[in-house]
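Worksheet: the structure to be examined is printed underneath.
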Amino acid sequence: MTLYFIPSPYGIDWTTPSSLAWTTLKNKVSLQSRFMGHVFIELDCQGQKELTGMRGRNFDYLHQLLVNSRGLGILYHSFDGMLEDKTESEAEIKELSETGDRLNFVRFKINPGQCSRAMTYLKEYREKNVGRYYGLANRPLYGEGSGCSAFGASFVEVTGLMTQDFRDGWSQTVNIPLEFAGPPLRDEGVNLLKLMMNASKWAADNEPHQKLMFWSPDLMFNWVQKQLTLADKNKQFSLMQIGKAKGIVYDKSQIPVPMEPIWQQRLESKIKTTQSKN
Numbered sequence: 000m001t002l003y004f005i006p007s008p009y010g011i012d013w014t015t016p017s018s019l020a021w022t023t024l025k026n027k028v029s030l031q032s033r034f035m036g037h038v039f040i041e042l043d044c045q046g047q048k049e050l051t052g053m054r055g056r057n058f059d060y061l062h063q064l065l066v067n068s069r070g071l072g073i074l075y076h077s078f079d080g081m082l083e084d085k086t087e088s089e090a091e092i093k094e095l096s097e098t099g100d101r102l103n104f105v106r107f108k109i110n111p112g113q114c115s116r117a118m119t120y121l122k123e124y125r126e127k128n129v130g131r132y133y134g135l136a137n138r139p140l141y142g143e144g145s146g147c148s149a150f151g152a153s154f155v156e157v158t159g160l161m162t163q164d165f166r167d168g169w170s171q172t173v174n175i176p177l178e179f180a181g182p183p184l185r186d187e188g189v190n191l192l193k194l195m196m197n198a199s200k201w202a203a204d205n206e207p208h209q210k211l212m213f214w215s216p217d218l219m220f221n222w223v224q225k226q227l228t229l230a231d232k233n234k235q236f237s238l239m240q241i242g243k244a245k246g247i248v249y250d251k252s253q254i255p256v257p258m259e260p261i262w263q264q265r266l267e268s269k270i271k272t273t274q275s276k277n
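Below is the structure:
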């Protein structure tokens, strides 16, 4: 099982809401591919191979920000989503591996039971059409849809391989200040210029806010880069190269196959996500 990580072209700065807005815009106008970064998941089980990722089908985020005035509420918005095609994904990975500067990976050697469980999860994800919803805050194992990075991380969870080190290195949590959040967090809209010029900090715990935990392609990529520099000291993994793209390999085949259900009990979300209208 392999997770391929593609960072944003110039990095997305989550230091403040304003820096998030400005750096996202900078990456968008760069006209480079995957301006927000991306994660692919690959499964290779006894001759059966799957390669896919989550993406927005109609990623109209500028319309949502400029016309629907969502502000930071966009982080809870559900766009139309879809699972990506294996052939196109293979071609993109091959192209990026020729230079290796915007691609790295983590590979897990797993046992047949773990691989079968991951395959079952992907099969049911397709059958349930969970991928019709694409959003940063969506939790895939609750059937809410997913962003690309949460989708990749969910396979690590399903196979019982998620560790605190992965969680700490791959994810981040911020307090969304409701003052700068429009729908679906609040009915009142937020002007994008107001957000970019005035949102200078995340909310403190005693201020009106919504806590957001999210998985980040940039953090995932940077985490692998850091592990590569520690390879001589860390004997828990080996190194591997695909073209010029470097990655690390863990042997987790000794980990028992999880026995609990794949899908988590659906919890009533405090925030009602919204879906794009075509």
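Just so it is clear: in the sequence shown, position 29 is 28 by numbering that gives the first Met the number 0, and no numbers are missing. The beta-carbon is built from N, C-alpha and C at its ideal position, and this holds for glycine as well.
- In the three-state DSSP reduction, Glu83 falls in the coil class, being neither helix nor strand.
- Fewer than three Cβ pairs drawn from the stretch 198-207 and the stretch 37-49 lie within less than 8 Å of each other, which leaves the two stretches out of contact.
- Secondary structure of Asp250 (DSSP, three-state): strand.
- DSSP, read as helix, strand or coil, puts Glu178 in helix.
- For Glu49, the secondary structure class from DSSP, reduced to helix, strand or coil, is strand.
- Scanning the stretch 195-249 for uninterrupted beta strand (DSSP E) segments of 3 residues or longer gives 208-214 and 237-241, listed from N- to C-terminal end.
- Less than 8 Å separates the beta-carbon of Trp169 from that of Ser215.
- Secondary structure remark: continuous beta strand (DSSP E) runs of at least 3 residues inside the stretch 60-117, in chain order: 78-82 and 103-108.
- Cβ-Cβ distances below 6 Å link Gln226 to Ile247 in the same chain, with the five nearest sequence neighbours on each side left out; the list follows chain order.
- Taking the Cα positions, Asp186 is about 28 Å away from Lys25.
- Comparing alpha carbon positions, the residue from Glu87, Gly159, Asp12 and Thr15 closest to Met258 is Gly159.
- The way I'd put it, the stretch 79-94 doesn't touch the stretch 9-17; fewer than three beta-carbon pairs between them come closer than 8 Å.
- By the C-beta density criterion, His37 is buried, having at least 16 other C-beta atoms within 10 angstroms.
- Note that the stretch 218-235 touches the stretch 101-117; at least 3 beta-carbon pairs, one per stretch, sit closer than 8 Å.
- Arg138 is positioned such that its CB atom lies closer than 8 Å to that of Ala149.
- With contacts defined as CB atoms closer than 8 Å, Tyr75 and Ala136 qualify as a contacting pair.
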